[in-house]
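Heads up: the structure comes next, in structure tokens.
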Amino acid sequence: MTSPAVFCLTMAGIGSARRADWIRRWAAEVDTAAARMVATFEAVYGFPPGANEVRLAGVGDRVAADRYRDDPLAAPWMADFYAVVAEVSLPDVGNGYFIHSAASALGLRDECGYAFLPHADDPRGLVIGSTGAGVLFVADWGGAVHRSVAASMDADFEPVADSVEHFLHRLRQVVHEFVDSGTVQDL
18 MTSPAVFCLT MAGIGSARRA DWIRRWAAEV DTAAARMVAT FEAVYGFPPG ANEVRLAGVG
78 DRVAADRYRD DPLAAPWMAD FYAVVAEVSL PDVGNGYFIH SAASALGLRD ECGYAFLPHA
138 DDPRGLVIGS TGAGVLFVAD WGGAVHRSVA ASMDADFEPV ADSVEHFLHR LRQVVHEFVD
198 SGTVQDL
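Under the numbering used here, the residues of the sequence shown are numbered 18 to 204, in order.
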């Protein structure tokens with residue numbers, strides 16, 4: 018695997034078409050790893066798995082991705098992600114990891130407003146995902162991803178990745194580590 022620093026440097030400044038190709042490869046790799054886990058999950062853990070999958074974007078999802086892109090605080094990388102991947106559901110990887118759909122991110126913004134990131138260079142962002150314990154992941158408009166320290170939009174947030182692509186890289190590592198060894202890692 019490529020180190021996060023090298024990975025982010027190689028992804029910086031690439032065009033949307035190349036970024037979409039990378040996102041498709043990321044999605045296929047994570048989905049394949051999740052399928053490997055699901056195949057043996059019940060035998061290993063004693064209960065059936067949930068739906069662990071990367072769902073690719075359909076027409077309606079791409080419309081929502083365009084609406085997401087129009088938000089002034091939307092990270093462009095995240096908008097490109099949503100144009101390819103509708104959502105990610107990994108309830109059985111560790112305590113569960115989810116990347117919410119663009120429509121869900123916008124719905125939460127409409128219902129609750131932007132997340133406040135008091136220690137970030139960009140003090141507001143959109144909720145893009147969560148864990149099974151309700152901890153939130155927020156992308157600021159510059160693309161950095163932050164994690165809430167509690168299961169609330171009112172909680173403090175700490176940085177977890179300096180870019181959306183770094184966040185996706187880390188999530189892929191977490192999935193592989195869990196599938197390969199059963200080790201639960203924080204993201």
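For glycine and all other residues, C-beta sits at the position ideal for the given N, C-alpha and C.
Are residue i and residue j touching if we call contact CB-CB under 8 Å?
i, j, result
"residue 165", "residue 115", "no"
"residue 78", "residue 62", "no"
"residue 155", "residue 162", "yes"
"residue 70", "residue 106", "yes"
"residue 127", "residue 141", "no"
"residue 101", "residue 145", "no"
"residue 177", "residue 95", "no"
"residue 80", "residue 192", "no"
Based on DSSP bridge pairs, tell me the residues matched to residue i.
i, result
"residue 72", "104"
"residue 116", "105 and 146"
"residue 175", "164"
"residue 132", "142"
Report the residue from the options whose alpha carbon sits nearest the alpha carbon of residue i.
i, options, result
"residue 35", "97, 197 and 134", "97"
"residue 66", "73, 72 and 55", "55"
"residue 143", "136, 149 and 159", "159"
"residue 32", "42, 93 and 204", "93"
"residue 131", "149, 172 and 104", "172"
"residue 43", "73, 88, 68 and 149", "73"
Quick one: measure Cβ to Cβ for residue i and residue j, integer angstroms, because I've assumed they're closer than 8 Å.
i, j, result
"residue 196", "residue 50", "5 Å"
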